[in-house]
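Since the structure comes first, as structure tokens, the remarks are kept for the end.
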Amino acid sequence: MKSIVFKLGMLVVSILLLVLLPLGYVVDQLFYTFYNNKTYEEMEQHVITLVDMRTQMDEETFIEKVEVAMEMVHEQVVYLDESREIVMNEQNTLDSLDIITEEDWLQLQQQNEIIKRQQEHVSYIASPIYNHNEFEGAIFMVTSTDDVDEIMDQVRTSLFVTGIGGLLLALGFTYIIVRKVSMPLLHMEKVTRDMAKGNLNVVLTPSSEDELGTLAHAINDLSRKLKTLEDTRKEFLANISHELRTPLTYMDGYVSLLKEKQSPEERQHTIKIIEEETARLRLIVNDLFDLSKLEEGKISLILEWIDVSEVMESVVEKVTYTAEQKKLALVIKEEPVPLLYADGNRMSQILFNLLDNAIHYTEKGSITVTMKHDDEQLYLFIADTGIGIAEEDVPYIFERFYRVEKSRSRAHGGTGLGLSIVKKLVELQGGTVHVESTYGEGTTFSIIFPLTNKEMEA
Ligand code: ADP
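To convert, count from 1 in the sequence shown and add 126; that's this note's numbering.
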């Protein structure tokens, strides 16, 4: 695996090289052109002066003067007459004919123009001497480029050292920054791997409030969420086996009783209990079955135009007996509502679950069912004056297997699956479900279904 340090390092080096190399080349060329031009400028001035001198004096005086003048400068001077004969080769160290090409000589003869040339280690300049438009020879001036080369070497060394220094500095900074970023990332990776192994008690302390801090918070949230899920799953397994075992134990016992001699009344009573326990068992198994189908998305709805008031009435009828037993008032507030395109049986299951919960979790007071609509939506409210749900539990009550008060819920035969089934069924039919609750005062569940134009017409 290539680390971030390596990747970023490569990126920084590439970017710097992309910038530094052309920049270095441009700076190098600028310096070189500058020094070269300076050399030529000086030589040109000298050559022009010499040509002037030659036109103003005779050859002998000229040579004398040049010899004196040339002691002060380091250029070499060669003076050739019109037939290319060397008249003067000042400092005499250079074979001028090696430098002056045939072509250059011809050009000098034909045009009154200065020629500038450059060869390895030397620059030279040549000017023709014209007297009254007569070509009388030429003056060549040659100078070594060693000085310029030396300065250029220094410039190049400085550029190279600066470039390498900048590169190292940038790499150092990259390394420090990346380590600062990657250390917490590596720690988070370790923690998430631990989480994957099942250690959900991890808490990350964000070192900063930037993106890394947000990631640490997100991992903490994830760990908390996973822990809640894991706990509820374990609890559910423990509860469900208890739930299944209890009716089975009862049934076992009562079936044994049936085998014994019993009066017809006792027999009747035993059979009734066995029936009740079977019903309870069926309820649990049905809930589990429903939920697993819902989770897999395998449930098929039978959609048709249904009258929600009718469905509500039949559900209310079913729960009236239980409500009366607890002396709870069942209040229905309804206005005529349009037909809804939904699954009647599932709608009945939704309303039954909510009403059954409302009655179960209410000791005194009333259960109010409200049904109304506007142009776009159909609203169903089931409000009770029961025990309510604590604020910290509210976000979880629609989760599978979540039960606020475990023992109380179990006594009612609840599995903690009812509300998650309700939520899934409502959403499957295009609706939404919400809850509002005040602990100790009561709870209101609201279900909202959209009414499309087509449904309104129907
Ligand atoms: P259960 O089968 O245990 O009732 P549900 O999924 O139907 O499971 O409900 C989940 C939990 O939400 C219940 O255990 C209960 O604590 C809480 N709850 C549901 N409805 C109400 C209500 N009307 N009033 C108070 N608490 C409720």
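Built from N, CA and C at the ideal position, the CB exists for glycine as well.
- request: Would you list, in sequence order, the uninterrupted beta strand (DSSP E) runs of no fewer than 3 residues that lie entirely inside the segment 449-530?
  value: Listed in chain order, the beta strand (DSSP E) elements of length 3 or more contained wholly in the segment 449-530 are 455-460, 466-468, 492-499, 503-510.
Quiz item: In whole angstroms, what separates the C-alpha of Gly-270 from that of Val-248?
Solution: By one-based count along the sequence shown, residue 270 stands at place 144. By one-based count along the sequence shown, residue 248 stands at place 122. Correcting the residue type first, residue 270 is Ser in the shown sequence and not Gly. Going by the C-alpha atoms only, they are around 4 Å apart.
Span separating the alpha-carbon of Leu-149 from that of Arg-319
The residue you call residue 149 lines up with position 23 of the sequence shown. The residue you call residue 319 lines up with position 193 of the sequence shown. Per the coordinates, the alpha-carbon of Leu-149 lies some 47 Å from the alpha-carbon of Arg-319.
Exercise for the section: With a threshold of 16 other CB atoms inside 10 Å of the CB of Asn-483, please say whether the residue is buried or exposed. Expected result: Within the sequence shown, residue 483 is the residue found at index 357, counting from 1. That one is buried.
- Check the DSSP bridge columns for Ser-572 and list the partner residues they point to. Position 446 of the sequence shown holds residue 572. DSSP, once it has assigned bridges, lists Phe-507, His-560 as partnering Ser-572.
Discussion item. Between Ile-513, Gly-514, Val-548, Gly-512, which has its C-alpha nearest Glu-525's C-alpha?
Written reply: Locating residue 525 in the sequence shown gives position 399, where the first residue counts as 1. Minimum Cα distance to Glu-525 is reached at Val-548.
Gly-263 in three-state terms, based on DSSP:
For this step, residue 263 is matched to residue 137 along the sequence shown. Note: Gly-263 maps to strand in three-state DSSP.
Q) In whole angstroms, what separates the C-alpha of Asn-479 from that of Gly-514? A) Your numbering for residue 479 matches position 353 in the sequence shown. Your numbering for residue 514 matches position 388 in the sequence shown. Just so you know, the alpha carbons of Asn-479 and Gly-514 end up roughly 16 Å apart.
Query raised in the report: Taking the C-alpha atoms as reference points, what is the distance between Val-495 and Glu-439?
Result: Residue 495 sits at position 369 when you count from the first residue of the sequence shown. Residue 439 sits at position 313 when you count from the first residue of the sequence shown. Rounded to the nearest angstrom, the two C-alpha atoms are 10 Å apart.
Going by beta-carbon coordinates alone, are Met-321 and Val-329 separated by less than 8 Å?
On the sequence shown, residue 321 is found 195 positions in, with the first residue counted as 1. On the sequence shown, residue 329 is found 203 positions in, with the first residue counted as 1. Cβ atoms of Met-321 and Val-329: not closer than 8 Å.
Ser-249, DSSP secondary structure in three states
What you label residue 249 is simply residue 123 of the sequence shown in a count that begins at 1. Ser-249: strand per DSSP, three-state reduction.
Next item on the list: Check whether the segment 130-137 touches the segment 301-311, taking contact to mean three or more Cβ pairs, one atom from each stretch, closer than 8 Å.
Entry: With the rule of 3 Cβ pairs closer than 8 Å, the segment 130-137 counts as touching the segment 301-311.
request  = Return yes when the Cβ of Ile-508 is within less than 8 Å of the Cβ of Leu-481, no when it is not.
outcome  = Counting from one through the sequence shown, the residue named residue 481 turns up at place 355. Counting from one through the sequence shown, the residue named residue 508 turns up at place 382. Their beta carbons are under 8 Å apart, which means Leu-481 touches Ile-508 by this criterion.
Val-122 versus Met-169 - alpha carbon distance: Residue numbering for the chain in the displayed model covers 127 to 584; residue 122 lies beyond these limits and cannot be assessed.
Tell me, which residues are paired with Ser-270 by DSSP? Indexing the sequence shown from 1 puts residue 270 at position 144. Paired residues: Val-248.
*Could you give the residue range of the alpha helix (DSSP H) that holds Asp-413?*
The sequence position of residue 413 within the sequence shown is 287, counting from 1. Counting along the chain, the alpha helix (DSSP H) containing Asp-413 begins and ends at 390-422.
Check your understanding: Nearest-angstrom Cα distance between Gln-244 and Asp-230?
Key -> Looking up residue 244 in the sequence shown gives position 118. Looking up residue 230 in the sequence shown gives position 104. When rounded, the distance between both Cα atoms is 13 Å.
Can you tell which of Leu-454, Glu-369, Phe-266, Gln-503 has the C-alpha that lies nearest to the C-alpha of Ser-572?
Within the sequence shown, numbered from 1, the residue matching residue 572 stands at position 446. Checking every option, the nearest Cα to that of Ser-572 belongs to Gln-503.
Practice item. Label Ile-141 either buried or exposed according to how many other C-beta atoms from any shown protein chain fall within 10 Å of its C-beta, with 16 as the threshold for buried. Key: For this step, residue 141 is matched to residue 15 along the sequence shown. Within a 10 Å sphere around the beta-carbon of Ile-141 sit fewer than 16 other beta-carbons, which makes this residue exposed.
Using a Cβ-based criterion (distance less than 7 Å to any ligand heavy atom), does Asp-416 qualify as near ligand 1? On the sequence shown, residue 416 is found 290 positions in, with the first residue counted as 1. No, the Cβ of Asp-416 stays beyond 7 Å of every heavy atom of ligand 1.
In whole angstroms, give me the CA-to-CA distance for Val-559 and Leu-348.
The sequence position of residue 559 within the sequence shown is 433, counting from 1. The sequence position of residue 348 within the sequence shown is 222, counting from 1. So the alpha carbons of these two residues sit roughly 24 Å apart.
> So does Ile-397 have its beta carbon nearer than 7 Å to some heavy atom of ligand 1?
Replying inline: As a position in the sequence shown, residue 397 is number 271, starting the count at 1. Every heavy atom of ligand 1 is 7 Å or more from the Cβ of Ile-397, so no.
When you measure from the CB of Glu-531 to every non-hydrogen atom of ligand 1, does any distance come out below 7 Å?
Position 405 of the sequence shown, counted from the first residue, corresponds to residue 531. Yes, the beta carbon of Glu-531 sits closer than 7 Å to at least one heavy atom of ligand 1.
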